[in-house]
Amino acid sequence: MWKSNRQSASSSLSTCNPLHALQTERGASLIPTSHWRIILSVALAVYSLDLLTKIWAVETLEGKPTQYVIGKFLRWEFARNSGAAFSSFTGATFALTLISVAVLLYLALRAAQVSVKAWSYPWGGLIGGVLGNLTDRIFRDPAPFQGHVVDWIGLPNWALFNIADSAIVLSVITMAILSLRGSTFRGVAP
């Protein structure tokens, strides 16, 4: 019964596309599968880790001297950032909040279209990272929607950052590599 339903459904599709013919012959789905479970799992993991480490940083590091973890290479140093990466756009917290909301909505709405598994991991990382910093901007001091992002990880000659920042950067790099290799999140070459 399953095979006959699949054949009858595929008979209405154009046979001009050899990919459709191959998919039908092998019993593969003609509709790309969304990897929303992976996206959601990665986003939740990144968001949770970011939130928990920021709570730890506020309770443990705020008002205390820098703690060197691995020589001078890695340090824990507390800071509140009212701007974006590298403290750029300082004082534009409300605008950054609106931009973050727009990016998050775009990513969430497009998540159902992610049909390539390799894209689902950075997609989820980007959602989790943006949501982590957005939570700070909405709920942290000095005021709602003007909150400062908690940064606490330091490397030599580099601005302080947090788990959300790391997830955003790694996700964007991964997406760029996938794009350079000819992959798109929908699985269709441009």
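Position one of the sequence shown corresponds to residue 0 (numbering that gives the first Met the number 0), numbered consecutively onward. For glycine and all other residues, C-beta sits at the position ideal for the given N, C-alpha and C.
* **Proximity to L177 [Cα-Cα], best of V100, L95, G131, Y120** => Y120
For Y192, which residues does DSSP report across the bridge?
Nothing about residue 192 can be reported from this structure: the residues present for the chain run from 0 to 189 only.
Q. Taking the Cβ atom as the reference point for each residue, do F144 and F93 lie within a distance shorter than 8 Å?
A. Going by C-beta atoms, F144 is nearer than 8 Å to F93.
#### Entry: Bounding residues of the alpha helix (DSSP H) (the contiguous stretch that carries V100)
Per DSSP, V100 belongs to the alpha helix (DSSP H) from 92 to 109.
What's the C-alpha gap between V115 and K63? 45 Å
Grab me the residues of A91's own chain with a C-beta within less than 7 Å of its C-beta, minus the 5 sequence neighbours each way, in chain order.
-> G82
State the CB to CB distance for the pair I152 and W35, rounded to an integer number of angstroms; the pair is presumed to be in contact (CB under 8 Å). Between W35 and I152 the Cβ distance is about 30 Å, and since that is not below 8 Å, they are no contact.
* To do: Quick one: residues in its chain with C-beta nearer than 6 Å to the C-beta of I126, no 5 flanking neighbours on either side, listed in chain order?
  => Cβ neighbours of I126 beyond the five flanking positions: A42, L106.
Would you kindly report the start and end of the unbroken beta strand (DSSP E) that includes D150? 148 to 153
#### Entry: For N161 and L51, the rounded distance between their alpha carbons
11 Å
Exercise. Pull up the CB-CB distance for V113 and F184, whole angstroms please, since I reckon it's below 8 Å.
Key: That pair is a contact at about 5 Å.
Assuming the contact rule is C-beta atoms closer than 8 Å, G123 and L39 should be a hit. Round their C-beta distance to whole Å, please. 7 Å
Starting from the Cα of L130, find the closest Cα among T65, A101, N80 and give me that residue.
Checked all of T65, A101, N80; the closest Cα to L130 is A101.
* When you compare only the Cα positions, how much space is there between S99 and L133? -> Rounded to the nearest angstrom, the two C-alpha atoms are 6 Å apart.
Tell me which residue opens and which closes the alpha helix (DSSP H) that W157 is part of.
DSSP places W157 in no alpha helix (DSSP H); its state is neither H nor E.
**Report entry** Top-ranked residue by Cα proximity to T89, from I37, A163, H147, A142
**Finding:** Of the residues I37, A163, H147, A142, the one whose Cα lies closest to the Cα of T89 is H147.
* Using CA coordinates, which residue listed in F77, A111, W118 is at the minimum distance from E58? -> In terms of CA proximity to E58, F77 leads the group F77, A111, W118.
query = CB A80 to CB D150, shorter than 8 Å?
reply = Checking the displayed sequence, the identity of residue 80 turns out to be Asn instead of Ala. Result yes, Cβ atoms of N80 and D150 sit closer than 8 Å.
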